[in-house]
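Structure first, commentary second.
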Amino acid sequence: MSSKAGVRAEQTHATGRAAAAGEAPRRLSAAAQRPVPDGAPEPLPEPARAALRLEAVMGALSDPLRMHIVRALLLESEAFDHTCGWFGLDRPKSSLTHHFRALRDAGLIRQRQYGLERRSHVRVDDLEARFPGLLALVADWRE
75 MSSKAGVRAE
85 QTHATGRAAA
95 AGEAPRRLSA
105 AAQRPVPDGA
115 PEPLPEPARA
125 ALRLEAVMGA
135 LSDPLRMHIV
145 RALLLESEAF
155 DHTCGWFGLD
165 RPKSSLTHHF
175 RALRDAGLIR
185 QRQYGLERRS
195 HVRVDDLEAR
205 FPGLLALVAD
215 WRE
């Protein structure tokens with residue numbers, strides 16, 4: 075499934091659930107659909123699509139802060155990828171490094187090293203291929 079088709083399917087699924095619950099539908103940001111910009115560094119090591127495991131993904135998402143990070147990337151992204159500072163989280167750098175690494179190791183996000191900073195985005199295509207509908211559930215999640 076193409077990235078655009080996968081996101082459209084997620085949006086349609088999320089819209090249907092939200093309408094049934096009498097809520098405004100959640101929309102995934104356009105950033106989830108953006109191609110890799112020219113000159114972007116190679117991604118940091120991550121599990122291959124076929125190696126993504128549901129228990130690892132769900133374990134990473136079980137932490138409310140990590141769920142918040144993934145939701146923000148899905149629903150609020152303004153660019154292809156974002157630095158840790160974009161999230162405005164009031165946590166020590168070592169704590170954020172741990173959470174972003176857990177998300178990357180589980181296969182939820184892809185990170186690239188730009189000089190001294192790491193930028194992240196959700197692996198929409200890979201996650202939708204392995205676990206259809208999961209990202210729509212994350213987008214609909216309420217704290």
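Mapping of the sequence shown onto my numbering: residues 75 to 217, in sequence order. Virtual Cβ for every residue (Gly too), placed ideally from N, Cα, C.
Buried versus exposed, by CB contacts within 10 Å (16 or more), Leu201: To locate residue 201, count along the sequence shown from 1; it is residue 127. Buried, by the Cβ-count rule.
Reference Ala54; option with closest CA among Asp112, Glu116, Asp137 and Pro109: With the chain running from 75 to 217 in the structure shown, residue 54 is simply not present.
Alpha-carbon spacing of Leu147 relative to Arg123, whole angstroms: Here the question's residue 147 lines up with position 73 in the sequence shown. Here the question's residue 123 lines up with position 49 in the sequence shown. Cα-Cα distance, rounded: 19 angstroms.
Counted within 10 angstroms of its Cβ, other Cβ atoms place Ser151 as buried (16 or more) or exposed: Start at 1 with the first residue of the sequence shown, and residue 151 comes out as number 77. Answer is buried; the Cβ neighbour count reaches 16.
Touch test, the region 186 to 197 against the region 151 to 167, Cβ-Cβ under 8 angstroms, three pairs minimum: The region 186 to 197 and the region 151 to 167 touch, with no fewer than 3 CB-CB distances between them shorter than 8 angstroms.
N-terminal and C-terminal residue of the alpha helix (DSSP H) that Glu116 is part of: In the sequence shown, residue 116 corresponds to position 42, counting from 1. Note, Glu116: premise wrong, no alpha helix (DSSP H); not H, not E.
Ala176 versus Pro166: straight-line alpha-carbon distance, rounded: The residue you call residue 176 lines up with position 102 of the sequence shown. The residue you call residue 166 lines up with position 92 of the sequence shown. The alpha-carbon atoms of Ala176 and Pro166 are separated by roughly 16 angstroms.
Status (buried if at least 16 other CB within 10 Å, exposed otherwise) for Glu120: The count along the sequence shown starts at 1 and reaches residue 120 at position 46. By the neighbour-count rule (16 or more Cβ atoms within 10 Å), Glu120 is buried.
First through last residue of the beta strand (DSSP E) which encompasses Arg178: Start at 1 with the first residue of the sequence shown, and residue 178 comes out as number 104. No beta strand (DSSP E) contains Arg178, which is instead part of the alpha helix (DSSP H) from Lys167 to Ala180.
Of the listed residues Asp112, Pro115, Gly113 and Val131, nearest to Arg197 (C-alpha basis): Position 123 of the sequence shown, counting from 1, holds the residue named residue 197. A check of alpha carbon separations from Arg197 across Asp112, Pro115, Gly113 and Val131 identifies Val131 as the nearest.
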